[in-house]
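With our numbering, the residue at position 18 of the sequence shown is 88, and numbering never jumps.
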Amino acid sequence: MITRPVCRGYRGEEISRRSFISSSVIAGVGGLTLPQVLRQRAEAATAGRAVKDTAVIQIWLGGGPSHFETYDPKPDAPAEYRGPFGVIPTKLPGV
71 MITRPVCRGY RGEEISRRSF ISSSVIAGVG GLTLPQVLRQ RAEAATAGRA VKDTAVIQIW
131 LGGGPSHFET YDPKPDAPAE YRGPFGVIPT KLPGV
């Protein structure tokens with residue numbers, strides 16, 4: 071019987087050598103493109119056409135609430151179904 075060399079991941083799942091190498095290659099390619107992106111932003115800033123970032127959306131649900139609990143506050147539902155946080159204003163009307 072042939073056994074594959076595996077490594078236990080952070081959450082206990084098996085990580086094969088092949089998946090480790092492929093994810094490392096993807097991360098390496100991403101690292102190679104980051105300097106190019108930073109250089110292009112610097113060139114745009116010196117040319118006077120820099121774009122200012124206006125908003126950030128960060129979603130990290132590492133064991134947190136599910137999507138329907140975070141995006142649907144149910145303001146018209148009875149109090150026992152609503153969460154402790156109410157509706158907040160957004161840039162998009164009606165959302």
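Note that the Cβ used here is the ideal one computed from N, Cα and C, for glycine as well.
Given the structure is predicted, the values throughout are model-derived calculations rather than measurements.
Give the C-beta separation of residue i and residue j to the nearest angstrom, bearing in mind that I take them to be a contact with Cβ-Cβ under 8 Å.
i, j, result
"phenylalanine 155", "proline 143", "7 Å"
"valine 157", "proline 145", "5 Å"
Using the C-alpha atoms, what's the distance from residue j back to residue i?
i, j, result
"proline 159", "leucine 104", "34 Å"
"glutamine 110", "lysine 122", "14 Å"
"alanine 112", "glutamine 106", "10 Å"
"valine 99", "tyrosine 151", "46 Å"
"tryptophan 130", "isoleucine 96", "21 Å"
"arginine 87", "glutamine 128", "31 Å"
"phenylalanine 90", "alanine 147", "47 Å"
Taking residue i as the reference, which of the options has the closest Cα?
i, options, result
"threonine 124", "Ile85, Ser86, Lys161", "Lys161"
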